[in-house]
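Chains as they are written, first to last, in our numbering: chain A, 18 to 313; chain B, 3 to 88.
Report on the structure given below.
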Amino acid sequence: MPNAKPWSSSPATESAAAFSRVETVGSPGTADPRLTADTLDLLVSGRNGKRIKSTAVRIGTETVIGTDDRSMISETDKLPWRMIAALRLHAKAPFEGEFIGTGWFIGPRTLLTAGHCVYSDTDFGGWVGSIDVIPGLNGTNQPFGSARAVRFSTLDDWRTRADPDFDIGCIHLDQPIGSDTGNFKIASFSDAELKDALLNVSGYPADRDSGERQYHHVNRVLHASARRIYYDIDTFGGQSGSPVWFQEKPDSEPVAVGIHAYGIGGTASNLNLTANSGPRLLPEVVATIQEWLQVK
Amino acid sequence: MARLACRLIVRDRQGRPLAGLRIAVEHASEATPDLAAVTGPDGRARLGLPPGGVGLALFLPDGTRRVAEIVVGDDPDRTYEVNLDV
Numbered sequence: 018m019p020n021a022k023p024w025s026s027s028p029a030t031e032s033a034a035a036f037s038r039v040e041t042v043g044s045p046g047t048a049d050p051r052l053t054a055d056t057l058d059l060l061v062s063g064r065n066g067k068r069i070k071s072t073a074v075r076i077g078t079e080t081v082i083g084t085d086d087r088s089m090i091s092e093t094d095k096l097p098w099r100m101i102a103a104l105r106l107h108a109k110a111p112f113e114g115e116f117i118g119t120g121w122f123i124g125p126r127t128l129l130t131a132g133h134c135v136y137s138d139t140d141f142g143g144w145v146g147s148i149d150v151i152p153g154l155n156g157t158n159q160p161f162g163s164a165r166a167v168r169f170s171t172l173d174d175w176r177t178r179a180d181p182d183f184d185i186g187c188i189h190l191d192q193p194i195g196s197d198t199g200n201f202k203i204a205s206f207s208d209a210e211l212k213d214a215l216l217n218v219s220g221y222p223a224d225r226d227s228g229e230r231q232y233h234h235v236n237r238v239l240h241a242s243a244r245r246i247y248y249d250i251d252t253f254g255g256q257s258g259s260p261v262w263f264q265e266k267p268d269s270e271p272v273a274v275g276i277h278a279y280g281i282g283g284t285a286s287n288l289n290l291t292a293n294s295g296p297r298l299l300p301e302v303v304a305t306i307q308e309w310l311q312v313k
Numbered sequence: 003m004a005r006l007a008c009r010l011i012v013r014d015r016q017g018r019p020l021a022g023l024r025i026a027v028e029h030a031s032e033a034t035p036d037l038a039a040v041t042g043p044d045g046r047a048r049l050g051l052p053p054g055g056v057g058l059a060l061f062l063p064d065g066t067r068r069v070a071e072i073v074v075g076d077d078p079d080r081t082y083e084v085n086l087d088v
C-alpha cells in the first residue's frame, strides 16, 4: 500500500458550525384545548416575504409603531392566551413600589419573563421581592386564580452586566397552575428559520385597561442578530416579558422563539430599523431553561 | 445601559398625591425596558431611567393619559416631582 501524498484542505467557508435545535415540550393543559374561531383569525403563522403593514411614522410612543393595531383578547381562558400571565412585581424594602409585566408558562410551575422583571439594580435594588402571577387576567376576572412567587432565576450575564442580549428571567411557582393553563414549547430557531417568520406577541400593556387586559399584535421578523430578534409589533410598557412566538400553521402548536423586552429605543441606530426587540432563545439559553424547569 | 434608580412623586394640581397611576417611558436617551411602574398611596414610584431628557406617559385609573418630561441628572436616588393638571 503506497503512502498517501501530503494534502491540505481549503479553510472552511461556512462561518459557523451547524445550528443545533434545542427545544422543550409544550402542553395544551387540562382546560378546554380547542382553538376558537376568533383566535384563529388573530394568530399569524408561517412565513411571508412581505411585512404585514407598511412602514409608518412613529406617533410618539416608545413602542407603538405607527398606527396602534393591537387587538384585545377577550377569551383569555382559551389557548394560547391562558398560558400568558399578567405579572404584578413587588420590590423589597427599602425599594418601594409595584410594576406591571408579563410572563408565560413553560411548565406546570415555571414561567419565563424578561430578566429585568425578576432582577434589576435600578428598579428593585437587586432581586424582585415577589411577583403575583395571574394567568389569563381579563379585567377583574382571574380564570385560573393567581399565585405569589418568591423564587426566581436569571442569566448571570443579565444579573452582573445588565446586558440586554441576556435579558431573560424565570419565575418558579409552588402551585402547578400551568398544568391547567398549558404551557408554550420553546425552541432555538436558526437564522434561516427566523427569516421572514411571522410572529405573535401578546401581553399586558399599561396603556390599556389599567394593564388588566391582554393585547396581541403580529408581524414579520425584521432582523435577527446573533442574540436578538427585531420586529415591528406594537407593544407598550407592561409587556416586558411577553412571549414572541411562531406557528407553522394556524392550528399548530405555538413555539416561543424570543422574549419581548425593549421598545424601539433598544434598537441600535446602525441597524436602520424602527423595531421593538427581545433576546432570542438560543441553544445554550434553551439548555439553561431546561435546567430551570427542573428547579423544585 | 446606564440607568439610574430614580424616585418619582406624582401630584395633582392641588398638590395631592396621585395613587394607582401607571407610568411608562415614552422616550429617553437610551433603551429602557418595557416595564410600567405603579404609584403607591403616597403618589410615589421608583423607576430606573437613563440620564438626560425622559418623556413619561402616565395613565390615570380612569384610563386618561397624561405626558410629562423630566431631566434625569447623573446622581442616583433623586426624587423627581411630576405635577399633573388633573
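We put the beta carbon where it would ideally sit given N, CA and C, even for glycine.
Simplified DSSP state of residue i, which is helix, strand or coil
i         : result
Gln264(A) : coil
Arg99(A)  : helix
Pro43(B)  : coil
Ala204(A) : strand
Pro271(A) : coil
Ala21(B)  : coil
Glu210(A) : helix
Pro222(A) : coil
Ile151(A) : strand
Thr56(A)  : helix
Ala48(A)  : coil
Gln307(A) : helix
Gly186(A) : strand
Ser257(A) : coil
Residues that DSSP places opposite residue i in a beta bridge
i         : result
Asn65(A)  : The partner list for Asn65(A) (beta bridge, DSSP) is empty, contrary to what the question assumes.
Phe122(A) : Leu128(A)
Arg9(B)   : Arg48(B) and Thr81(B)
Asp180(A) : DSSP, once it has assigned bridges, lists no residue as partnering Asp180(A).
Tyr69(B)  : Here residue 69(B) is Val; the residue named in the question, Tyr, does not match the sequence. The partner list for Val69(B) (beta bridge, DSSP) reads Ala59(B).
Arg245(A) : Pro296(A)
Pro35(B)  : Tyr279(A)
Residues that residue i contacts on chain B, provided the C-beta gap is smaller than 7 Å
i         : result
His133(A) : Pro35 and Leu37
Thr171(A) : Near Thr171(A) there are no residues of chain B at all, since even the closest Cβ is about 13 Å away, more than 7 Å.
Residues that residue i contacts on chain A, provided the C-beta gap is smaller than 8 Å
i        : result
Pro63(B) : Ser227
Arg46(B) : Glu113 and Gly114
Partners in chain A for residue i, counting only beta-carbon separations shorter than 9 Å
i        : result
Val40(B) : Arg105, Gly114, Glu115, Phe116, Ile117, Ala223 and Gly228
Leu49(B) : Gly114, Phe116, Thr139 and Asp140
Closer than 7 Å at the beta carbon, the chain A residues around residue i
i        : result
Arg5(B)  : Thr139
Ala30(B) : Gly282
Contact list for residue i against chain B, beta-carbon separation under 9 Å
i         : result
Phe183(A) : None at all; the shortest Cβ gap to chain B is about 12 Å.
Ser257(A) : Pro35, Asp36, Leu37 and Ala38
Ala164(A) : Simply none; closest approach about 20 Å.
Contacts that residue i makes with chain B (C-beta to C-beta distance below 8 Å)
i         : result
Thr252(A) : Asp36
Gly120(A) : Per Cβ cutoff of 8 Å: no residues; Gly120(A) is ~12 Å from chain B at best.
* **Residues in the segment 261-292 of chain A having any Cβ partner in chain B nearer than 7 Å** => Sequence-ordered contacts of the segment 261-292 of chain A with chain B read His277, Ala278, Tyr279, Gly280, Gly282 and Gly283 [C-beta pairs closer than 7 Å].
* Is there contact between the segment 254-269 of chain A and the segment 147-161 of chain A, where contact requires at least three CB pairs shorter than 8 Å? -> A contact between stretches requires three or more CB pairs, one per stretch, nearer than 8 Å, and the segment 254-269 of chain A fails this requirement with the segment 147-161 of chain A.
* Do the segment 283-300 of chain A and the segment 21-29 of chain B touch if we need at least three Cβ pairs shorter than 8 Å? -> The segment 283-300 of chain A makes no contact with the segment 21-29 of chain B; the number of CB pairs closer than 8 Å stays below 3.
* Asked: Can at least three beta-carbon pairs, one atom from the segment 242-257 of chain A and one from the segment 282-292 of chain A, be found at a separation below 8 Å?
  -> With the cut-off at 8 Å, the segment 242-257 of chain A and the segment 282-292 of chain A touch.
* Cβ contact (3+ pairs, closer than 8 Å) linking the segment 137-152 of chain A and the segment 96-116 of chain A -> Using a C-beta cut-off of 8 Å, the segment 137-152 of chain A makes contact with the segment 96-116 of chain A, since at least three inter-stretch Cβ pairs fall below that distance.
* Asked: Touch check for the segment 48-65 of chain A and the segment 89-100 of chain A: three-plus C-beta pairs under 8 Å?
  -> Proximity of the segment 48-65 of chain A to the segment 89-100 of chain A meets the contact definition, three or more beta-carbon pairs being nearer than 8 Å.
* Asked: If we count Cβ pairs, one from each stretch, closer than 8 Å, do we get three or more for the segment 262-280 of chain A versus the segment 31-47 of chain B?
  -> The segment 262-280 of chain A is in contact with the segment 31-47 of chain B.
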